[in-house]
Amino acid sequence: MKDMFSDTACGVVLGGGLTGLSAACALSRAGYAVKVIEQDATVGGLSKTIRHNGYRFDLGGHRFFTTDRKLNQFVQDLMTDELITVPRSSKIFMRGKFFDYPLRPTNALFGLGIPTSFRILADYAVERIRRLMQQGRSESLEDWVVENFGRTMFDIYFKVYSEKVWGIPCNTISAEWVDRRINGLSLAKAIRNAFSRVSGRKIPTLVDEFLYPSLGIGRISDRLKEEIELSNMVLLETSVEAIHHAGNAVEKIVVSSRGQTDVITGKQFISSLPLTRIIRMLEPAPPQRILDAASRLKFRDLVVVAVMVDKERVTDQTWIYIPESFIPFGRIHEPTNWSEKMAPEGKTLLVIEYFSFKGDRTWNETDENLITTTVDHLEKLGFIRRAEVCDSAVVRVPKAYPLFEIGYHELCKELYAYLGRFRNLIIAGRSGMFRYYNMDHAIESGIRAAEAVMGREMDPDGQFRKDTFLAGCER
Ligand SMILES: Cc1cc2nc3c(=O)[nH]c(=O)nc-3n(C[C@H](O)[C@H](O)[C@H](O)COP(=O)(O)OP(=O)(O)OC[C@H]3O[C@@H](n4cnc5c(N)ncnc54)[C@H](O)[C@@H]3O)c2cc1C
């Protein structure tokens with residue numbers, strides 16, 4: 013092994029997704045020396061945009077939305093004139109029909125039929141009454157949905173869709189996920205929302221429009237990288253293999269790049285690598301109970317199939333949710349409805365998400381079979397004709413979602429407590445913290461990690477300033 017750098021990097025950021033890049037960008041703006049280590053050939057992690065023969069697609073359509081003014085400004089300043097405003101329009105495709113999401117009462121009434129619609133309302137009313145008499149928090153996703161939408165809605169839509177997304181029964185999934193994901197939503201609110209579209213107080217997950225870079229979500233990461241590289245380095249195709257520590261401090265990391273093993277030293281380390289992975293990278297290894305806790309936390313993986321179509325547009329939707337279990341995928345998006353620059357003129361593409369566990373049948377299926385299955389289903393559902401398909405691509409995305417099984421929170425707390433002993437290591441980000449973070453949370457988490465490294469809070473005007481925490485590293 014050789015020491016890769018003659019100068020010791022002051023801040024070492026593990027992972028070049030939005031969290032790591034935001035941390036490194038904040039540190040770079042403040043004048044600190046920092047190196048970002050990323051295993052892939054491009055930055056962006058889950059928020060990257062794939063380029064394929066003139067087409068572009070995200071790993072599942074990514075909309076940027078935040079209620080935080082400073083964060084919004086951070087992204088607007090970074091992207092300057094690249095952002096466009098996209099109207100949101102989502103549908104649920106079920107029983108051969110499209111249903112609005114969020115629900116519109118008339119749509120549901122005609123789509124599901126009058127008896128089912130009345131059953132939905134009646135058992136929702138029963139749940140509300142039960143709720144008034146029985147206090148206490150819902151523990152599982154099933155409890156939460158039944159409480160907020162009633163049993164019939166749970167059985168018709170949520171059960172099948174959630175089990176498709178997570179691959180485990182709804183009564184074993186923690187309610188925390190759904191609480192965050194459709195924060196503040198209930199059947200009553202969805203109906204109120206539908207009746208007064210301009211009530212002014214929107215439920216955050218149901219906003220009508222959002223910002224999007226015209227060349228795909230990955231542009232946010234590209235811009236962060238460009239800014240970091242004005243003064244610092246982003247090392248691509250460099251995988252962190254081990255984290256060596258002594259005396260409650262990280263001393264160095266071992267990386268491998270193009271068949272060569274190297275050592276990177278630093279004073280402060282920020283990790284956005286999967287929490288479970290860094291636990292296993294520690295040398296010396298943590299106690300067995302910590303390794304056991306890490307091994308009980310699991311991720312859900314994703315297989316993305318993009319089907320390029322020789323026509324202007326297939327749908328007019330941002331997302332289409334496919335709950336029914338006889339259709340093997342869970343969601344469709346058409347990137348050209350987000351930005352027309354996502355495909356060559358006159359062509360479009362559909363991006364299909366298969367939720368999977370690494371190593372299962374879907375994950376191990378050949379690309380050719382995945383494409384055939386996808387096109388078959390799209391044709392049966394009436395979206396496209398096989399003859400219109402002019403290209404395709406498959407991307408496997410490991411660790412797309414932390415899997416929130418009941419009890420995960422206690423395991424995380426144990427791991428956070430153990431890692432808390434390292435005085436120069438901060439963990440951040442979605443997989444890094446094992447939290448249901450969206451991009452805004454990931455960016456914020458990276459900036460906060462940088463602030464913690466700098467030992468100070470953000471100025472009221474949003475500027476980052478140097479301080480003495482890393483005094484020895486200042487350029
Ligand atoms: C299908 C899907 C749809 C989504 N849609 C939205 C949306 O519409 N809006 C929204 O706001 N958010 C959305 N998100 C969430 C968003 O993608 C994440 O919040 C964000 O990308 C997380 O960034 P991160 O940097 O924390 O993690 P990651 O993107 O996972 O970054 C971690 C990085 O670490 C690297 N890495 C891992 N191991 C190593 C190693 N050993 N050595 C070196 N590097 C390593 C990885 O390659 C990766 O680049 C979606 C996520 C998914 C999966």
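So for the sequence shown, the working numbering puts the first residue at 13; every next one is plus one.
In this text, a Cβ means the ideal position worked out from N, Cα and C, and glycines have one as well.
Everything numeric in this text was worked out from a predicted model, so none of it was measured.
In this structure, residue 423 sits away from residue 431, with a CB-CB distance that is not shorter than 9 Å.
Listed in chain order, the non-local C-beta contacts of residue 443 below 6 Å within the same chain comprise 286 and 411, local neighbours out to five positions each way being set aside. C-alpha of residue 232 to C-alpha of residue 451: approximately 10 Å in a straight line. By alpha-carbon distance to residue 272, the top candidate from 281, 249, 264 and 149 is 249. If you draw a 10 Å sphere on the C-beta of residue 88, you find fewer than 16 other C-beta atoms in it, and that means exposed.
Straight-line measurement puts the Cα of residue 312 at about 24 Å from the Cα of residue 429.
With a contact defined as Cβ atoms closer than 8 Å, residue 345 and residue 363 qualify at about 5 Å. In the structure shown, the three-state DSSP call for residue 44 is coil.
Taking a C-beta distance under 9 Å as the contact criterion, residue 74 and residue 403 do not qualify as a contact pair. The residue from 386, 96 and 299 with its alpha-carbon nearest to that of residue 342 is 386. When the alpha-carbon of residue 455 is set against those of 68, 84 and 26, the nearest one is in 84. By the 16-neighbour rule on beta-carbons within 10 angstroms, residue 36 is buried. When the Cα atoms are used, residue 355 and residue 227 turn out to be separated by approximately 10 Å. Contact check between the segment 326 to 338 and the segment 94 to 110: three or more CB pairs, one atom from each, fall below 8 Å, which counts as touching. By the 16-neighbour rule on beta-carbons within 10 angstroms, residue 165 is buried. A direct Cα-to-Cα measurement between residue 68 and residue 141 gives close to 49 Å.
Taking C-beta separations shorter than 7 Å and ignoring five residues to either side along the sequence, the partners of residue 178 in its chain run 185, 312 and 415, following chain order.
Bounds of the beta strand (DSSP E) holding residue 272 are 272 to 277.
Distance check between residue 163 and each of 181, 152, 187 and 134 places 134 closest, using alpha-carbon atoms only. Counting only the Cα atoms, residue 54 lies some 35 Å from residue 338.
Residue 93 and residue 225 have their C-alpha atoms spaced approximately 9 Å apart. For residue 138, the closest of 159, 383, 434 and 31 by C-alpha to C-alpha distance is 159. Linking residue 150 to residue 161 through their CA atoms gives a straight-line distance of about 13 Å.
DSSP places residue 263 in the uninterrupted beta strand (DSSP E) bounded by 261 to 269. Counted as a single uninterrupted DSSP element, the beta strand (DSSP E) harbouring residue 403 occupies residues 401 to 415.
In the DSSP assignment, residue 356 falls outside any alpha helix (DSSP H) and carries neither an H nor an E.
A distance below 8 Å between beta-carbons, with the five flanking residues on each side excluded, links residue 221 to the following residues of its chain, in chain order: 97, 98, 99 and 100. The beta carbons of residue 56 and residue 29 sit about 6 Å from each other, so the pair counts as a contact at 8 Å. The beta-carbon distance between residue 440 and residue 265, rounded to whole angstroms, is 16 Å. This is too long to meet the 8 Å contact definition. Collapsing the DSSP output to three states places residue 98 in a strand.
If you check the C-beta of residue 449 against ligand 1, you find a heavy atom less than 8 Å away. Nearest in C-alpha terms to residue 309, of all of 357, 365 and 425, is 425.
Less than 9 Å separates the beta-carbon of residue 40 from that of residue 244. Looking only at 323, 427 and 420, the smallest Cα-Cα distance to residue 357 is reached by 323.
If you check the CB distance, residue 43 and residue 458 do not come in under 9 Å. Membership of residue 331 in the beta strand (DSSP E) is indicated by the continuous run 331 to 333.
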